[in-house]
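Notes for the one structure printed next.
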Amino acid sequence: MTKYIQLLKLSWQNGFVYRTSLFMWRFRQFLSSVMSLTVWTVIYTSQSSVLGYDQTQMITYIFLSAFLQSCILATALNSLSGRVYSGEISAQLVKPISLFGYLAIEDVADKLRNIFFILIETSLLYLIFIPTIPLPTLLNGALFVLAVLMGAVMNFIINLLFGAIGFWSPDTWGPKFMFFIMVEFTAGKLFPLDILPPILEKLLYLTPFPYFSFVQTQIFLGRLDSVQIFWQLASLAGWIVGLYLVTRWIWQRGLRDYAAAGQ
Amino acid sequence: MLHRFSYYFHIWQRWGFNALQEVFVNRGTNLLFFSGKFIRLAMTLLVLLLIKQNIKTFAGYTNDQMIVFFLVYQFVENISSIFYRGVYNFGRDVRNGQFDFDLPKPINPLFRALMGNPDINDMVFFVISSGVSLYILSTLQLTITAASILGFSLLLINSFVIVTALHIIVLSIAIFTTDVEGVIWMYRDLARLGQFPITAYLELMRFSLFFIVPIGMMITIPAQLLMNLPLSYSVWVSVLIGGSFLGFSLWLWNIALKNYTSASS
Amino acid sequence: MPQPVISVSHLSKHFKVHKKQPGLWGSVQSLWNREYQEVKAVDDISFEINEGETIGFIGQNGAGKTTTLKVLSGLLYPSAGQVSVLGFDPWKRQPEFQKQFALVMGQKNQLWWDLPPIETFELNKAIYELSDKEYKRTLNTLVELLDVGDVLNIQVRKLSLGQRMKCELIAALLHTPKVLFLDEPTIGLDVLMQKALRDFIKDYNKKFNATIILTSHYMDDVKEICDRALVIDHGQKIFDGQLKKLIDSYARNKILSLIFTKPVTQKKLAEFGEVKAADQLSATLLVPRAQATKMASKLLSQLPVQDLNIEEPPIEAIIREVFETKADQTHD
C-alpha cells in the first residue's frame, strides 16, 4: 500500500512540472464555463423556461458538468497509446506493481490536480454569476457520488481501451478525436443532452456517453425518480463490467503480440 | 516581388501536394477526422436551431441574427485552419528539433511555420460547410444589401490580418516556452467565444475580446456590418487594431527567434 | 594564404534553465516561483577554418559542440562574440548564404515521414531554387555515390536507419553546399554503414572542395574524415590542431603487446611497465612513450618473447586522458 501512496505523491508532483500547460488547460476550461454561463444567463433574461429547463436548473447543470469534467473526464492517460507504442510501458511491466494499478494512480493524481483547480474556478464563477444551486436530497446526493465514482471507473477503462490501440498502431488520433467530439456534445457544458430531439437522445442511451456526466447531473438535479435512477446505475454498472472484460481481453492479446514483436 | 511571390506560391503548392498525399496514406485517420468535424458542425447547428426555435431575442439580437454570428465565426475559423494548420504542430517541431531544419533554409521560417502544413480535410470541409451556411443564410430574415456584402468582404481582409497576427503570436509563444503544449488550443477556445456576439459578455471580458485578443474585431464587427446593424466599434478602430496587432506579432516573432534555444541534443 | 571560410572570435552562448524544488510542496511552489540557473554552453571560443578543411569537434556530452554548430548555422543567436561563415553573419539568414551550406543532424529527420524521400527532395529543389538540370545531375551523382537508387520511392517510415540517413544526406546536399555541418551523422548505424557514410563524406569533400565540420561520438569518424581536431570541454576550446599532434601531446603511454613462448608471471612483467592485461602466454603493457623502444629491447633480451608490437593507444583513451588532465588542473 505504501508504494501506491508514494506513487500518488510522485504523480501529483510530476503534473506540476508542466505548470504552464496545466494553467492553460484550466484557463480553457474556465473560458468555456464562462461562455456557457453567459449564453444561458442572457437567454434567460427574456424568458423563464427554455427547452424544459428553468434558469436555476440550467445554471446548476453547467456548474455540475464543469465539476464532473474534472472528476470523471480528466485523465492522465490521453497519451497512453503513444507510451504503449514506443515501448515505454515495458518499464512498468517489469516492476512488481500492477500495471493497471499504476495507471490508475496516475489517473487519480491527475483528477486530484484538476479538482484542486476546479474548486478555485468554481468559487470565482460563483462570485461572478451568483447562482442559486439547489442541493439534492441526502439519498440523491449519495447516489450522485456513487454515480460519479462509477463514471470515473468507466472512463478509466475506456482510456485503457484507447491505449491498447498502441499495441498495433501509432495512429490513435482519429478515434480519439471522434470520442472527444461525442463527449463534447453529450457531456459538455454548452447544453444538457435532453434538449436534443427524443430520437437522438434515445440513440445516445445505447452508448456509454450519457454516463460521462449527464446522468449524474440529472440525479443531482432530482430530475430522475428512484426507479429511473436504479436502472441508470444498473446500465452504468453493465457498461463497466462489459467494457472491463473487453479491455482485459484486448490487453492480454496486445501484451502477447507486444512480447512477440520484441519491442 | 512577383518572382518572390511565385517562388513562395510554388513551395506552398508542394506542401499542399505533400499534405494531400499524406491524407491518402493515413486515410482511416483522416476519414474519422472528417466525420468528426462534420458531426460537430451538424450538432452545433442543430442546437442553434433548437435555441432559435425556443427564444426570440439574444442580447438585443434576433434569433436569426444570432445564427449569422455563428456562421461568420465558422467561416473565419475554417479558412484560418486550412492555411495555418501547421501552427498546431509547431510546438512539437520546436521540441523535437524539426524547426532546426527549417531555419537554415533559404525560405522565411515564419512562412514555413504558418503555412507549412495546409489542411486538406478542412479544404473539403470548407466547400461543404460554405454550401450549408449559404443555404441557412437564405432561410433567415435579415437585411443584407449589396453594399453591406461589399463592406463585409473588405472587412474580412482585416479579420484575416488579425487571425494571422494571433497565429504568429502563438508561434512566438511556442518558441519562448518550449514545454507548453497547445497554446493554439487556447486561441481556439478564445475564438470560440466569438460564436456568440461579443457584446453579450460581461464588461471586462467584452473589452478584452475587442482589444486584447481582438476576436470581436475579427468576427462580431464584420457580422454586424453584413447585417446592417449598428457597429460596436467603427471600421477604422477595427482596422487600426488589426494593423497594430500584425506589427506587434512580427516584432514578437523576431524577439522569439533571438531567444530560440533549439532542442538540446 | 587562403582566406578563412569560417571565423569565430570570442563566441559565447548562454542558456537559462530552471531548477525544480524537491518534494510535494516544492512542486506546488514551482507554479509561481522558479529559480533559474545560467548554463554556459559555449564560453569564449575562437577559431578559423579554411576552405576545404575537414574539422572534427570532439568533446563529451554537453561540451558545447552542437551549440557551436547551431550558432554557425544561424539557428542560435550568439550571446557574445563574432561569427562569420563564407563572409556572412549566419544569424541574418540571408538566402545567398543559406544556399551555400547545409546542416545534417544524425538524430533528427527532415524527410517527410509518411512519404517517399523523393518528395522531400522535390520540395528542397523548390526551396533552393535548383534548375531541373542541376537537380537531376546532383541527385544522380548522390544516389549513385550512396547506392540508394532503389529506395527513393519507398515511404520513409519503412526505410532502415542507414537508408534513411543516406537519404537525409541527399536531401541536405542537393544544392551542393560549400560548407557542411554534420552533427553525429553516423549515430546508431552499424559498422558497415558507418564506413560507407565516412567514405562518402570524404569523397564529397574532395569532389566539391567542401569545408566540413563534424561532431561525433565515434572517434573513427574523426580519425578517418578529419585532418584537424578541435577539442571542446565545458564550453571552452582546449585543443586545436592536427589529430596527430593531439596524440603526441596527450598520449603519455604506448602499448606493448607481447606473446611469449613460455609462461611469464605478472610480477615479473610489472618490472617493465603497467600491466593492463595478462595471461600465461600473452600480455599487454603500458609504458611511457619516451621509453617505449628501450623497454622493447629490454623485454626482448630478458623474456622469452615470441612476438612484440608497439601500438598507439586508441584515440578514445587519449581523449579521456585529455579530459582527465584538464580536470586535474581545475582541481589544483
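Quick mapping for you: the protein sequence lines, in order, are chains R, Z and A.
Counting along the first sequence from 1, when you hit position 86 you're at 89 in the working numbering, and nothing is skipped either side.
Counting along the second sequence from 1, when you hit position 115 you're at 1613 in the working numbering, and nothing is skipped either side.
Counting along the third sequence from 1, when you hit position 214 you're at 215 in the working numbering, and nothing is skipped either side.
The beta carbon of each residue, even a glycine, is placed where N, CA and C say it ideally should be.
Within the model, the alpha-carbon separation for residue 1734 of chain Z versus residue 194 of chain R is close to 37 Å. Residues of the region 48-59 of chain R with a C-beta atom less than 7 Å from some C-beta of chain Z are 49, 50, 53 and 54, listed in chain order.
The alpha carbon of residue 161 of chain A has as its nearest neighbour, out of A:145, A:194 and A:136, the alpha carbon of A:194. Contact between residue 211 of chain A and residue 111 of chain A is ruled out by a C-beta separation of about 19 Å, above the 8 Å threshold. In the DSSP assignment, residue 68 of chain A falls within the unbroken alpha helix (DSSP H) covering 66-73.
For residue 123 of chain A, the closest Cβ of chain Z is nearer than 8 Å. Listed in chain order, the positions of the region 1514-1546 of chain Z with a beta carbon within less than 9 Å of a beta carbon of chain R are 1524, 1526, 1527, 1528, 1529, 1530, 1531, 1533, 1534, 1535, 1537, 1538, 1541, 1542, 1544 and 1545. Taking the beta carbon of residue 180 of chain R as reference, the chain Z residues within 8 Å of it are 1530, 1531 and 1534, listed in sequence order.
In this model, residue 1590 of chain Z and residue 114 of chain A are separated by some 15 Å (Cα to Cα). Linking residue 94 of chain A to residue 74 of chain A through their CA atoms gives a straight-line distance of about 9 Å.
Around residue 1759 of chain Z, the beta-carbon contacts reaching into chain A at under 8 Å are 16 and 77. Going by beta carbons, residue 65 of chain A and residue 86 of chain A fall outside the 8 Å limit.
Here the alpha carbons of residue 294 of chain A and residue 305 of chain A stand approximately 17 Å from one another. Taking a C-beta distance under 8 Å as the contact criterion, residue 190 of chain R and residue 217 of chain R qualify as a contact pair. Per DSSP, reduced to three states, the secondary structure at residue 1540 of chain Z is helical.
Any Cβ of chain A closer than 8 Å to the Cβ of residue 1583 of chain Z would place that residue at the interface, and such an atom is absent. Going by beta carbons, residue 124 of chain A and residue 156 of chain A fall outside the 8 Å limit. Residue-level contact check: residue 29 of chain R does not touch chain Z, since none of the beta carbons of chain Z fall below 8 Å from its beta carbon. With a 10 Å radius around the Cβ and a threshold of 16 neighbouring Cβ atoms, residue 4 of chain R comes out exposed. Under the DSSP assignment, residue 229 of chain A falls in the beta strand (DSSP E) whose first and last residues are 229-234. If you keep only unbroken alpha helix (DSSP H) runs of at least 4 residues inside the region 93-127 of chain R, you get 93-96.
Scanning A:40, A:227 and A:82 for the CA closest to the CA of residue 63 of chain A turns up A:40. Using a Cβ-Cβ cut-off of 8 Å, residue 104 of chain A is close to 1598, 1599 and 1602 of chain Z, given in chain order. Residue 1554 of chain Z reaches chain R at 49 and 50, counting residues in chain order whose Cβ is nearer than 9 Å.
By the Cβ criterion, the region 141-159 of chain A is not in contact with the region 210-225 of chain A, since fewer than three pairs of Cβ atoms, one from each stretch, lie closer than 8 Å.
Between the alpha carbons of residue 1656 of chain Z and residue 22 of chain R lies a gap of roughly 35 Å.
Annotation for residue 132 of chain R: 40, 44 and 62 place their beta carbon closer than 8 Å to its own, counting only its chain and skipping 5 residues before and after. With contacts defined as CB atoms closer than 8 Å, residue 1571 of chain Z and residue 1717 of chain Z qualify as a contacting pair. Judged by DSSP secondary structure, residue 1671 of chain Z falls within the alpha helix (DSSP H) whose first and last residues are 1644-1674. For the pair of segments examined, the region 1615-1634 of chain Z was found not to touch the region 118-137 of chain A: the number of CB pairs separated by less than 8 Å stays below three. Residue 64 of chain A is outside the set of residues whose beta carbon lies under 8 Å from a beta carbon in chain Z. Taken atom to atom, the span from the alpha-carbon of residue 244 of chain A to that of residue 121 of chain A is near 37 Å. Secondary structure note for residue 260 of chain A: its beta strand (DSSP E) is the uninterrupted segment 254-261. Within the region 1725-1756 of chain Z, contact with chain A at the beta-carbon level (separation under 9 Å) is assigned to 1755 and 1756. At a cut-off of 8 Å between beta-carbon atoms, residue 1687 of chain Z makes contact with chain R.
Just so you know, the alpha carbons of residue 227 of chain A and residue 1520 of chain Z end up roughly 40 Å apart.
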